[in-house]
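If you read the sequences in order, they're chains H and W.
Residue 22 in the working numbering is what sits at position 22 of the first sequence, and the numbering runs on without skipping anything.
Residue 10599 in the working numbering is what sits at position 599 of the second sequence, and the numbering runs on without skipping anything.
Even glycine gets a Cβ: it sits at the ideal position worked out from N, Cα and C.
Notes follow once the structure below has been shown.
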Amino acid sequence: MNSKPILLVEDNPSDIALTRRAFEKNRISNPLVVAEDGQEALDYLFAAGLHAGRNPADLPALVLLDLKLPRVDGLGVLKQMRADSRTRRVPVVVLTSSTEDQDLAMSYDLGVNSYIRKPVSFEQFAGVVEQLGLYWLVLNESPPGVGHQ
Amino acid sequence: MSNFFRSLRARLVLLLLLVFVPAAAMVAVTYSHQRQFMTAEMEKTVRRITGLVLDKEDAVIGGAQALVIAIANNRYAIEHEKKFCRVRVEEMIRGQTVYINLGYVDEHGNLDCSAIPAPETLNFADRQWFRGARDSGAFTTGEYVRSRLTGEPAITYGYPITGDDGTFRGVAYAATGLAWLAHMVATAELPPNSTATVVDVQGNVLARYPDPEGLTGKRMPRTAVIELLAERPDARVMKATGHDGRERIYSLAPLKVANRDVYLVIGLPFEAVFGGIDRTLRTNLVLLALMAAVAIGGFWIGVDRLLAGRIRRLADAAARLAAGDLSVRSARQGGVQELDQLARAFDQMAQGLEQREAERKLAERALRDSEARYRQLIELSPDAVFLQSEGNFVFLNVVALRLFGAEQQEQLLGRPVVEYIHPKDRAAVLDRIRILRDRMEAVPLREMRVLRLDGKEVDVEVAAAPFRFDGRTAAQVVARDVTERKRAQAELRESEERFRALVETSPDAISIQAEGRIEFANNALVKLLGAESRADLAGRPVHDFFHPDSRDLILQRSREVYQNSKAVPPAVLKLLRFDRTSVEVEAIATPITIGGRTALMSVMRDITERLTAERAVQESQAQLRGIIDSAMDAIITIDEDQCVVLFNPAAEVMFQCPADDAVGTLIERFIPARLRGGHSEHVRKFGEALVTNRRMGALGRVYGLRADGSEFPVEASISRVSVLGHHYYTVIMRDITERELAEAELRRSEASLANAQKLAKLGNWELDLRTNKLYWSKQIFEIFGIEDRAFDSSYEAFLELVHPDDRPGFEQAQRAALAGEARLDLEHRIVLPDGTIKAVHELGNLVRDTEGSPVQLAGTVLDVTERKAAQDRISQLNASLEQRVMERTAQLEAANQELQAFSYSVSHDLRAPLRGIDGWSQALLEDYAARIDQRGREYLDRVRSETQRMGRLIDDLLGLSRVTQSEMHLANVDLSAMALALFTEMREHEPGRQVECMIEPGIVVRGDPGLLRAALANLLENAWKFTGRREQARIEFGRTMLNEGGVLFMRDNGVGFDPAYAKKLFAPFQRMHKASEYPGTGIGLATVARIVTRHGGRIWAEAAPDRGATFFFIIPPAGETQELTNL
């Protein structure tokens, strides 16, 4: 398990806390960077705005992306990430409450790696987070330019 | 001298000499080539010998080297047998020409051993071969020197002899002469007297062949060769005189002998090399010179014989001709062709001159004779002949004197001719005189009048030709008195005029024909045959105008005329006119003599009209008979006494009385008794009136009486004819019983039609296209609000009534209908006289006669004013309805969008807090477990289960709304396969349950696969859930036939429900069971119902508590499915 940060893009403080809690429970030690809207997430990824001065080559190991977000929504973030050669290969998991078919289809069209629906039950949610950690941080071989540098 | 070269002979000879120049040049060129060739050959020979010499020299040196080395190596053997040494080396050189001596010398150069006997002491230490061998310790070639032993020039080769200790002990030598050289040259097959010498640049002879003087080894006398050699050592070939006085061609080749530059000089006797070709050259030149001499000599003589003599003779002949000897000739055959031609031409000239002279003499004599004869002829001429010169009489014959009324020539001679010409002709005569004088041309025959001396005028015909008279220009004039001829001609003309007038004005056609062609035709004939003018007829073959029917007859008659020379009697003939119609004529033909020929004159009278008239009468009578016999009307003719004379078949039928019976009886019997008196009175009056006929019906209603006594109405007409003073009356009658009935019927029909039109507000019209007369039914007048009689019903008048805006459209439709393109069918407005506007619908068809040409446009006018008003109201309503529908649709769309946004929001925002509630409850349970008692934990668990239920509710609600909103994509869906897959899924999910499932295969419907799958899944889940407490659960999916056709069903043997609530079943959130027993949101069946209704189907359920439930539903097959949204 590498120690690169995980970027959580989520505006609901309760969900942020729950996610943080689920990570802790599953002993996922990667630092969790939280962006509360899409623009902030993009600023972080491309080292702009508030995050200017950050090394843009330092990319997160995984981006957990909610879809319904202030300013730039999740699909917008995904679209810009996939359009930029630097962030094109960063694994992105959409983690959302929406079960709208069109959201699912659009996400996959834009090249999301996984689409996971937040369950209402915290137990199930924690299970999902554990699975995520296991798969994306341990089992998955990062593409060149991401993770191992 | 220059004269000599100007002579033809000398020039020709020079020309001849030119011929020999190329020959001489060729000889010279050939000689030069031969010289070059011979020189090259000689050089080749010398090179060959030189090569041989060099090869031989190499061999000699090689051999000498081998020998001296052999001797040097055998020194000790030789030394030990010193006395034999000489013998041994002598043996070695015996019998060969190359080596002169062999042997060796000791280290001081003293001779130790020699093949040739030598004095005791002889030292060679000064020789090069010794010094070289000693100093270099290797094979050495010595100089070319005279041998000390033999005195011969020789080259000696040396090789050092070394002792066992390597010390120098002496030199072995071999001396070679150049005798081999001489020998080689001798065998080189050179021509006799050739020499070969090897000589160095100083002139020392190294070898020589042959060498009669023994020059070898000596210095060569200073001959030309040697001098040349000294001057030009690079020369290769030269001509020189040898010291023996012979001329030779010397060829030189450089050689190396004993390291010295020497030359091999080969001298070939000049004679041997170039003697042959020089001789040939001489012979050729002599022959050439001889040939030239012979040619020039022959030529000299030949030219004289062939040319010069002949030319001289010609000159002599010409001189004689010039002197007047016309008989001189020069021709002699067999000479030069060109000169012969010249001579012949000369002879022809001379002959021509001679002949012309003779002819001239003959002509002079003939002229004299001719003049005498001419004078005699003129005197005897019956015509007046006179000569005039410069317009004055110079001679007149007797007749001429008589013509001019003179008695003697003197009265007229010298007088101007014009004075005796009628003043009207004088200008012409002067003109003619001028032509005769100036152009010397004859003037043509002309009529004129002369004035006699006695003042009378005489008509004459005059011709004149130029003439020479006593050396003066004159004219001979011949005049003939034509007074008598002119009178005869005038008479003839008059006679002809009269005849012509007769013929031309004749109403009968007259033609004169000869040899089968028309020569003359009068105007009547032109008209008869339909020609345009006489020119059309003149020259035409007569048979062009024979009608085939009369052809034979005409030909036969013509033959008779010609054979019998007399006229043939009249006959009727048929002729063909120009337009190929026929004309019938009565014709006579008679022979007539014109210009000595017998021609044929025909006189023809057109009788076509007469015949036509006769035939027409016959035909008309036959026709009349036919008409009377076949007439539909009864025709009866009576005489003045009222007796029937004609009773036609129609009358027989009408009166039921045969004609035989009727004819001859009184007409009375056919008239009802009550009318008989009136009738005879009537007929009488008609007879008295000077009217010949009265039209049908003009007699008013009359009645006939049949043989059986019955009466019937007739319509009759009457006419009167008078034949030979007797009056006859013909009555034509028609039985009008049926017509009267039909008329009554028509009146009734028309009345009902008018009534019908009135009710329907429909009028009909007819436009007669030939008269432009427009017929309107009564109803049209009413529709148009027009007083019947006030209206002039024509198309134009009608058009005035059409609303001005609609007129162009109406006219266009009218035109199209008249052209037969389309039937008239349009609505338009009309303006009534009171200003009311009405709408009418016009329909019309073109009516054609039996030949297909249009005769009538007939149609109807329907008053559609009320209908139009109703239509307008309807379309206004429709427009507002559409508007309302659009508004509602827009509202609905807005509501739909809101709903969509709402459900998206629900799906997203409503679930987040739930997750929070659940998450934090869990956190509380985990992190504060110690501080919360059992009951608190139960409450928290309850909080969590409620939040999760809320989550499911939200999901189900979303599902329901999606079913309603999603777009349908129709496809063929195999419901059986889908049900089986869903069932298998459930069984895998809950493997512990015992469920029997029966699915009818092959149920395929058309619908949205996603929606149908959701519906089927809900039904199946339902069945699965409510059979949960059955030991042996059974679920069935299939198709059954109820009274409305195919119905699908899902049946289970589960807990069932009270059918009283069956209707509530499909509303959302309706539950039939306790949630604790059968959990659920109550939305599933509502979803199924929506899906089924969206497919245009229907769903219902049958059940009883604890006895299972069956859900029936209908999905209409493809084509019948109508999407019913938002239901």
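- As a beta-bridge residue in DSSP terms, His10841 (chain W) pairs with W:Glu10827 and W:Leu10862.
- Interface criterion not met: the Cβ of Glu130 (chain H) is under 8 angstroms from no Cβ in chain W.
- Residue-level contact by beta carbon holds for Leu10914 (chain W) and chain H, with a gap shorter than 8 angstroms.
- Taking the Cβ atoms as the reference, Asp10633 (chain W) lies roughly 5 angstroms from Ile10732 (chain W), within the contact range of under 8 angstroms.
- By the C-beta density criterion, Leu10724 (chain W) is exposed, having fewer than 16 other C-beta atoms within 10 angstroms.
- Inside the stretch 10413-10490 of chain W, DSSP marks whole alpha helix (DSSP H) runs of 4 or more residues at positions 10423-10434, from first to last along the chain.
- About 6 angstroms separates the beta carbon of Tyr10795 (chain W) from that of Leu10767 (chain W), a gap short enough to meet the 8 angstroms contact definition.
- The beta carbon of Thr10730 (chain W) sits closer than 6 angstroms to the beta carbons of Thr10637 and Ser10719 from its chain, once the five residues preceding and following it are set aside; these are given in chain order.
- Per the coordinates, the alpha-carbon of Leu10122 (chain W) lies some 32 angstroms from the alpha-carbon of Thr10197 (chain W).
- Ranked by Cα distance from Leu10181 (chain W), the first of W:Ala10059, W:Gly10916 and W:Ala10531 is W:Ala10059.
- In the three-state reduction of the DSSP assignment, Pro10022 (chain W) falls in the helix class, which pools H, G and I.
- Shortest Cα-Cα distance from Leu45 (chain H) to any of H:Leu75, H:Tyr135 and H:Arg88 involves H:Arg88.
- By the neighbour-count criterion, in which a residue is buried when 16 or more other Cβ atoms sit within 10 angstroms of its Cβ, Thr10737 (chain W) is exposed.
- In this chain, Glu10715 (chain W) is not harboured by any alpha helix (DSSP H); it is covered by the beta strand (DSSP E) spanning Glu10711 to Val10723.
- About 18 angstroms separates the beta carbons of Val72 (chain H) and Gln102 (chain H), which is beyond the 8 angstroms limit, so they are not a contact pair.
- With respect to the 8 angstroms criterion, Phe10168 (chain W) and Thr10162 (chain W) are classified as neighbours on the basis of their beta carbons.
- Taking a contact as a CB-CB distance under 8 angstroms, the pair Ser10511 (chain W) and Leu10492 (chain W) does not count as one, their CB atoms being some 22 angstroms apart.
- If you check the CB distance, Leu11019 (chain W) and Met10998 (chain W) do not come in under 8 angstroms.
- Around the beta carbon of Gln10388 (chain W), 16 or more other beta carbons lie within 10 angstroms, which makes this residue buried.
- At least one C-beta of chain H is nearer than 8 angstroms to the C-beta of Asp10918 (chain W).
- Thr10050 (chain W) carries a helical assignment under DSSP once its states are collapsed to helix, strand and coil.
- Under the Cβ criterion of 8 angstroms, Leu50 (chain H) is not counted among the residues facing chain W.
- Leu10268 (chain W) is a Cβ neighbour of Arg10248 (chain W), given a cutoff of 8 angstroms.
- Listed in chain order, the positions of the stretch 54-77 of chain H with a beta carbon within less than 7 angstroms of a beta carbon of chain W are Lys68.
- By the Cβ criterion, the stretch 10933-10942 of chain W is not in contact with the stretch 10975-10992 of chain W, since fewer than three pairs of Cβ atoms, one from each stretch, lie closer than 8 angstroms.
- By the Cβ-count criterion, Ala11103 (chain W) is buried, with 16 or more other Cβ atoms from all chains shown falling within 10 Å of its own Cβ.
- Taking 8 angstroms as the upper bound for CB-CB distance, Pro10672 (chain W) and Glu10715 (chain W) are not in contact here, some 16 angstroms apart.
- In this structure, DSSP gives Pro13 (chain H) a helical state, which the three-state scheme calls helix.
- For Ala10923 (chain W), the chain H residues whose Cβ falls inside 7 angstroms of its Cβ are Arg21, in order along the chain.
- With its beta carbon less than 8 angstroms from one in chain H, Arg10911 (chain W) belongs to the interface.
- Sequence-distant partners of Val10013 (chain W) (beyond 5 residues in either direction) whose C-beta falls short of 7 angstroms from its own C-beta, in its chain, are Ile10296, Phe10299 and Trp10300.
- Our two residues, Lys11025 (chain W) and Pro56 (chain H), have alpha carbons roughly 55 angstroms apart in a direct line.
- 8 angstroms or more divides the Cβ of Thr10889 (chain W) from the Cβ of Leu10914 (chain W).
- By the Cβ test, the stretch 10305-10316 of chain W is not in contact with the stretch 10024-10031 of chain W, since fewer than three Cβ pairs between them sit closer than 8 angstroms.
- Gly10951 (chain W) belongs to the set of residues whose beta carbon lies under 8 angstroms from a beta carbon in chain H.
- In this structure, Ala10186 (chain W) sits away from Tyr10157 (chain W), with a CB-CB distance that is not shorter than 8 angstroms.
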